[in-house]
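Mind the numbering: the sequence shown is residues -26 to -1, 1 to 385 in mature numbering (1 follows the signal peptide of the UniProt record, and there is no 0), read in order. Built from N, CA and C at the ideal position, the CB exists for glycine as well. Computed from a prediction, not measured in an experiment: that's the story for all the values here. Worksheet for the structure shown next.
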Amino acid sequence: MNKRYSKIVCGGLLLSVFMVIGTACSSSGNQVDGDPSETIKIGMTSALTGPYSEYGEGNKRGVELAIQKWNDDGGINGKTIEVEILDDQLVPDTAAINLQQLLDDEEIVAIIGPAGSGPAMATVPITEANGMIHINPVAQTPEITYPNGTDHGPRKNVFSFALQNDVESEVLGSFAGEKWNKIGLIHESTAYGKTGMDLVEGVLEDKFSIEAVAREEYNQKAPDMTAQLAKLKKAGAEVIVCVGLGADLANIRKGMSRLDMNIPLVATNGALSLPYKEGAGDLVVGTIGTMIGVFGDDPLSPEAEEFAEAYSEAYGKDRYWGDRDNPQLFMSLSVSNGYDAANVLFEAIKNADSTESSKIIEAMENIQNLNGVNASYSFSETKHHAIDIEHIGLFEYVKEGDEIILVPYEK
């Protein structure tokens, strides 16, 4: 397929501020409350505020769009879908408390979320013990779904629609190992950052016999990474490979500029996120990042076109959307993953014709070649994740006239 250019604006974009009274919202797409016997209720905890809100709020929108779609078509086997959504702010303890509150509601039949790996790791053991089906739309640590490693079986009740660390790290490590010998590594100090970089190091060592010149870590939201970057510079790094969120990547890129580190920055999907683009401005040029590539396709798939139209009708062509003409690449990890996750879950509930978790899980494992926005989805008893290497692309920021655009990286 031809690849669509994704235009961005790296200026001072206005952020929408969502004022919420309380911590929960309940929605059925059309905001319909009904007789419990005539509804199917889903529970969700996610980072609606805090450092991961780009993903949490985006996933919330995706889930609500899917609910709207199904309810407009008559619901699941005639029953209206409702969702209760709680804000965990990316705090693991809060996510666990939220989850228990949702599980205490006997009407809830499935869980979606949380957004980040820390909160997800705090919640999946609870649902695993409970037995309720648990859908992971975005958290990337493989142990969420495969607690004993990806070469062992999955948790029976957990299904992942995320770009898992092992998949993303394979792409990052292979790309870096093919191009450079002196590789500097830096990552956030979370489970996501540590696991992701461990996997990158494994790829470099196993496939290329390359040992990184240095490895540094930082805390999320740290305002300055100069000390870590100075160590990477002193070690002679020819490229910086980073596993981290967009806002932190912006600080890293600005720190590289201050230290005159005129070397490439190669990073996880946070490099293609809104906080990175808005935080680093023109310095994003030359940065290379990974992403599910669906919104880089030209033409878009019918499923992506339908989703894009539904999103623009509901929310307009806002900062999540990006380009005035085309949805930006980042939507695949901020919105459409939540949309797909909900749609596939609802399809499984429909096929099961039951709200019993065991029957929904069995129906999920029988999903085969179900077309969504981000992928065609197939699961089995041994495969509970959806996104693989073939779904991932590398994209680079380049300057074209007065504009900065994202293009597929040409090796």
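Inset, instruction - Return the chain-ordered list of same chain residues with a C-beta closer than 6 Å to the C-beta of Trp295, the five sequence neighbours on each side being excluded. - result: Pro301
Inset, instruction - Return the first residue and the last residue of the beta strand (DSSP E) that Glu212 is part of. - result: Glu212 -> no beta strand (DSSP E), and no H or E assigned at all.
Inset, instruction - Indicate whether Leu173 and Asp140 have their beta-carbon atoms separated by less than 7 Å. - result: yes
Inset, instruction - Pair every Cβ in the stretch 147 to 160 with every Cβ in the stretch 200 to 212, then say whether three or more of these pairs are closer than 8 Å. - result: yes
Inset, instruction - Look at Met171 and Val217 and say whether their C-beta atoms are less than 7 Å apart. - result: yes
Legend entry - Secondary structure of Arg232, DSSP reduced to three states: helix
Legend entry - Endpoints, the beta strand (DSSP E) within which Ala84 is located: 82 to 86
Inset, instruction - Look at the Cβ atom of Val347, then the Cβ atom of Glu283, and state whether they are nearer than 7 Å. - result: no
Legend entry - Burial state of His126, where buried means 16 or more other Cβ atoms lie within 10 Å: exposed
Inset, instruction - Starting from Pro382, follow its DSSP beta bridges and name the residues at the other end. - result: Phe369
Legend entry - Delimiting residues of the alpha helix (DSSP H) encompassing Phe320: 310 to 326
Inset, instruction - Return the bridge partner residues of Met18 from the DSSP annotation. - result: Ile59, Ile86
Legend entry - Complete beta strand (DSSP E) runs within the stretch 123 to 183 (minimum length 3 residues, chain order): 132 to 134, 157 to 162
Legend entry - Check: Gly105 C-beta below 6 Å from any heavy atom of the ligand FAD: Of the ligands one can find in the structure shown there are none, so the ligand FAD has no counterpart to examine.
Legend entry - Val(-7), DSSP secondary structure in three states: Reliability fails at Val(-7), whose pLDDT of 32 lies under 50, so the model's placement of it is uncertain and the value that follows must be treated cautiously. Val(-7): coil per DSSP, three-state reduction.
Legend entry - As assigned by DSSP and simplified to three states, the class of Ala227: Per the sequence shown, the amino acid found at residue 227 is Arg instead of Ala. If DSSP states are grouped into helix, strand and coil, Arg227 belongs with the helices.
Legend entry - Residues that DSSP places opposite Glu377 in a beta bridge: Glu374
Legend entry - Tyr285 - DSSP class collapsed to helix/strand/coil: helix
Legend entry - Identity of the residues DSSP links to Met265 by a beta bridge: Gly367
Legend entry - alpha helix (DSSP H) segment containing Pro107, residue limits: Per the sequence presented here, residue 107 reads as Ile, with Pro not at that position. Ile107 -> no alpha helix (DSSP H), and no H or E assigned at all.
Inset, instruction - Inspect the beta-carbon positions of Val318 and Tyr351 and report whether they are closer than 7 Å. - result: yes
Legend entry - CB of Gly312 within 7 Å of CB of Val37, strictly: yes
Legend entry - Nearest to Leu76 (by Cα), restricted to the options Ala316, Val57, Ile378, Leu64: Val57
Legend entry - Cβ-based burial, Asn122 [other Cβ within 10 Å; buried from 16]: exposed
Inset, instruction - Measure the Cβ-Cβ separation of Lys53 and Thr13 and say whether it is below 7 Å. - result: yes
Legend entry - Boundaries of the beta strand (DSSP E) in which Tyr26 is found, first to last residue: Premise fails: Tyr26 is in no beta strand (DSSP E) and is neither H nor E.
Legend entry - Buried/exposed call for Pro111, threshold 16 Cβ in 10 Å: buried
Legend entry - Beta-bridge pairing of Ala188 - partner residues as DSSP gives them: Gly158
Inset, instruction - Specify the secondary structure class of Thr329 as computed by DSSP and reduced to three states. - result: coil
Inset, instruction - Taking the CB atoms as reference points, tell me whether Gly90 and Tyr192 lie closer together than 7 Å. - result: no
Inset, instruction - Work out the CA separation of His108 and Glu336 for me, nearest whole Å. - result: 13 Å
Inset, instruction - Say whether the stretch 188 to 204 touches the stretch 256 to 264, bearing in mind that this needs 3 or more beta-carbon pairs closer than 8 Å, one atom from each stretch. - result: no
Inset, instruction - Quick one: using the 10 Å Cβ neighbour count with 16 as the cut-off for buried, is Glu162 buried or exposed? - result: buried
Inset, instruction - Can you say whether Ile363 is buried or exposed, counting buried as having 16 or more other CB atoms within 10 angstroms of its CB? - result: exposed
Inset, instruction - If I'm right that Pro99 touches Ala69 with Cβ under 8 Å, what's the distance once you round it to whole angstroms? - result: That belief does not hold up - the Cβ atoms of Pro99 and Ala69 are roughly 12 Å apart, past 8 Å.
Inset, instruction - Compute the distance between the beta-carbons of Tyr371 and Ile361, then report whether it is under 7 Å. - result: no
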